[in-house]
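Data block below; observations after.
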Amino acid sequence: MNLSLPEDVLDKMALEQAHFEAAPQAFFEAWKRGAQIAGHEWFGDGTREGLQRATTKWDLRPNLLMLIDALGVLSSGQRMFLSAMVSFYNAREGGAMLKRCGFEGLSDLGGLDLERRKVIADLTLHYNGW
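In numbering that gives the first Met the number 0, the protein residues as written are 0 to 129.
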């Protein structure tokens with residue numbers, strides 16, 4: 000009895016394996032782009048130098064206390080973008096922040112500009128857990 004898989008299934012499996020092997024680095028690169036867009040002060044040690052020398056997502060953890068405190072004074076787009084990013088780091092805190100921003104579903108991300116949408120899309124595509 001021959002139990003081999005069809006070639007297209009094997010090809011798909013190989014593509015997915017390659018994607019998920021590269022995902023941690025791709026996620027970090029998207030995260031760092033997001034931190035550059037949003038502002039270095041919200042991530043890691045809060046300095047431009049810290050952002051530049053970061054080599055892992057752990058080096059750029061969001062400063063949750065500062066972000067939560069500032070949420071009321073940020074622009075609506077900045078609130079939405081930062082809250083969406085935080086949701087990758089901490090679903091509970093990010094979800095609460097998104098709720099405070101009036102986020103009701105993924106279509107609300109339509110208010111972001113293309114650059115920020117691409118970051119969120121890349122984070123979603125390459126997310127592999129924090």
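Positions of the beta carbon are idealized from the N, C-alpha and C atoms, including for glycine.
Where the alpha helix (DSSP H) containing residue i begins and where it ends
i: Trp-30; result: 6-37
i: Thr-54; result: Segment: none, Thr-54 is in no alpha helix (DSSP H) and carries neither H nor E.
For residue i, the residue or residues it bridges with in DSSP
i: Phe-80; result: Paired residue(s): none; Phe-80 is not in a bridge.
i: Phe-42; result: Pro-61
The ligand GTP heavy atom lying under 7 Å from the CB of residue i
i: Ala-25; result: In terms of ligand content, the structure shown is empty, and the ligand GTP therefore cannot be addressed.
Beta-carbon spacing of residue i, residue j below 8 Å
i: Leu-59; j: Phe-42; result: yes
i: Met-96; j: Leu-70; result: yes
i: Gly-33; j: Val-118; result: yes
i: Arg-99; j: Leu-108; result: no
*Does the count of Cβ pairs from the region 72-80 and the region 28-39 closer than 8 Å reach three?*
yes
*Is there contact here, the region 120-127 with the region 14-32, by at least three beta-carbon pairs under 8 Å?*
yes
*Do the region 63-72 and the region 89-101 make contact, defined as three or more Cβ pairs closer than 8 Å?*
yes
*Entirely within the region 67-129 and at least 3 residues each: give me those beta strand (DSSP E) ranges in chain order.*
none
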